[in-house]
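In my numbering, the protein residues as written are 819 to 1204.
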């Protein structure tokens, strides 16, 4: 063959082969590029033809699909979303780390990667996935499988309690069993608690797993973490109540604090800042009035309400309808970790079309009790612009 010959006779066959190979590579690159451009155009709305010069780098501008968008971006957390007023997640979500917990480096699947310092087997993670992330029930059954448990029956699935995560309605789970972690860790006597917010626009999963005694001791810390997580509004969240933005009249002496995730506004009511009052708005029923009241009572070391107690709660005018008031006394541990053995919590919940408004005041009883009437007036002052 020509390429085996020595001398000048070898040069021309080799050049011809190199040219043929190079031409094949160029043809392959052009073909793949054209196929890719065609497939991308097919994903967007029908806006006519698009012309993209070969060799030109140009991002796809489809109306319904952002090619390569990460789950975090779909939740509105990445830097590009900041310009539109959506909080950034470039350095992680806004949250308050519980005392005695460690924040580890995020991974490809863990937007938040936390651990209880005193027992490395107890870890907590937040995962964001595009779309429904495989579905609510499938993920719950997968988690149960990790605990050595069988799939839920239909009645068990339908009776799961609700909550909220990142401003979205969520499903709460609490399982005990023998845990087999993905990394090979785990063992018998473990417990898993979690919140799953599944939606076609993007899904979030917050999971805390570890030895049962450690999880039990840190359960309130997990609840506070979930409550502190800030997030961007979604299709199921309510950035503004039905009728328009929320307005209010703050009582004299209350001081408005800086903006915080998942809160419309935050006030402190005393010079020491020991009593805090804030408003939050969630989409839909926000997890349910009763479940929220029971969760608040749990934060104060009290049992859930029975039917008679719930029915007897006072109703007051609010937002053109009524709000349900609740008053809770007990021991309360704030987000800073400071415990008030004699604390008072005042709460109000008002349901609107497509959203639920929560107003909550909490602090040491001696400082919070004098705010009762001002709290009621504050709740009554809430309005939506129309």
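For every residue, glycine included, the Cβ atom is placed at its ideal position computed from N, Cα and C.
N-terminal and C-terminal residue of the beta strand (DSSP E) that residue i is part of
| i | result |
| --- | --- |
| residue 931 | 930 to 934 |
| residue 1179 | 1173 to 1182 |
| residue 1006 | 1004 to 1015 |
| residue 1023 | 1021 to 1029 |
| residue 921 | 919 to 921 |
Residue i and residue j closer than 8 Å at C-beta
| i | j | result |
| --- | --- | --- |
| residue 1200 | residue 1064 | yes |
| residue 1118 | residue 1160 | no |
| residue 1135 | residue 1198 | yes |
| residue 1133 | residue 1122 | no |
| residue 915 | residue 924 | no |
| residue 1023 | residue 945 | yes |
| residue 980 | residue 1106 | yes |
| residue 1162 | residue 1144 | no |
| residue 962 | residue 970 | yes |
| residue 982 | residue 1104 | yes |
| residue 951 | residue 957 | yes |
Rounded C-alpha distance that separates residue i from residue j
| i | j | result |
| --- | --- | --- |
| residue 1138 | residue 1202 | 9 Å |
| residue 1095 | residue 1046 | 15 Å |
| residue 908 | residue 995 | Residue confidence for residue 908 is low, a pLDDT of 36 falling below 50, so the modelled location carries little weight; the figure read from the coordinates is stated next. One C-alpha to the other measures close to 36 Å. |
| residue 1030 | residue 1066 | 44 Å |
| residue 1070 | residue 1092 | 17 Å |
| residue 1021 | residue 939 | 26 Å |
| residue 1182 | residue 1164 | 12 Å |
| residue 941 | residue 1027 | 6 Å |
| residue 985 | residue 1169 | 16 Å |
| residue 1039 | residue 1150 | 12 Å |
| residue 972 | residue 960 | 15 Å |
| residue 1140 | residue 1167 | 9 Å |
| residue 949 | residue 927 | 15 Å |
| residue 1068 | residue 1036 | 36 Å |
| residue 1125 | residue 1109 | 12 Å |
| residue 1129 | residue 936 | 43 Å |
| residue 943 | residue 975 | 23 Å |
| residue 1111 | residue 1174 | 13 Å |
| residue 934 | residue 1113 | 22 Å |
| residue 1081 | residue 999 | 35 Å |
| residue 1005 | residue 997 | 5 Å |
| residue 1142 | residue 977 | 24 Å |
| residue 905 | residue 1083 | Low per-residue confidence applies at residue 905: pLDDT is 32, beneath 50, and the placement is therefore not dependable, though the value from the model is reported in the following sentence. Roughly 16 Å between the two C-alpha positions. |
| residue 964 | residue 1025 | 12 Å |
| residue 1193 | residue 1073 | 14 Å |
| residue 947 | residue 1184 | 45 Å |
| residue 1077 | residue 912 | 12 Å |
| residue 1262 | residue 1017 | Nothing about residue 1262 can be reported from this structure: the residues present for the chain run from 819 to 1204 only. |
| residue 968 | residue 1127 | 36 Å |
| residue 1033 | residue 993 | 11 Å |
Beta carbon proximity, residue i to chain B, threshold 8 Å
| i | result |
| --- | --- |
| residue 928 | Of the chains in the structure shown, none is chain B; there is only one protein chain. |
Start and end residues, alpha helix (DSSP H) containing residue i
| i | result |
| --- | --- |
| residue 1114 | 1107 to 1117 |
| residue 1132 | No alpha helix (DSSP H) contains residue 1132, which DSSP labels as neither H nor E. |
| residue 1198 | 1190 to 1198 |
| residue 1040 | 1037 to 1046 |
Residue i beta carbon near the ligand ZN (any heavy atom closer than 7 Å)
| i | result |
| --- | --- |
| residue 1066 | This structure does not include the ligand ZN; it has no bound ligands of any sort. |
Margin query: Is it the case that the segment 1075 to 1091 contacts the segment 1182 to 1195, given that we only count it when at least three CB pairs across the two stretches are under 8 Å?
Written below: A contact between stretches requires three or more CB pairs, one per stretch, nearer than 8 Å, and the segment 1182 to 1195 meets this requirement with the segment 1075 to 1091.
Every unbroken alpha helix (DSSP H) inside the segment 931 to 992 [4 residues or more] | 954 to 964 and 972 to 976
Closer than 8 Å is the cut-off here; do at least three beta carbon pairs connect the segment 979 to 995 with the segment 1005 to 1025? A contact exists between the segment 979 to 995 and the segment 1005 to 1025.
(request) Count the CB pairs spanning the segment 1172 to 1185 and the segment 1097 to 1114 that are closer than 8 Å, and state whether there are at least three. (result) yes
**Message:** Suppose only complete runs of 3+ residues qualify. What are the beta strand (DSSP E) ranges in the segment 1060 to 1098, listed by chain order?
**Reply:** With a minimum length of 3 residues, the continuous beta strand (DSSP E) runs that stay inside the segment 1060 to 1098 are 1083 to 1086.
| Is the segment 1025 to 1044 touching the segment 916 to 926, taking contact as three or more C-beta pairs under 8 Å? | yes
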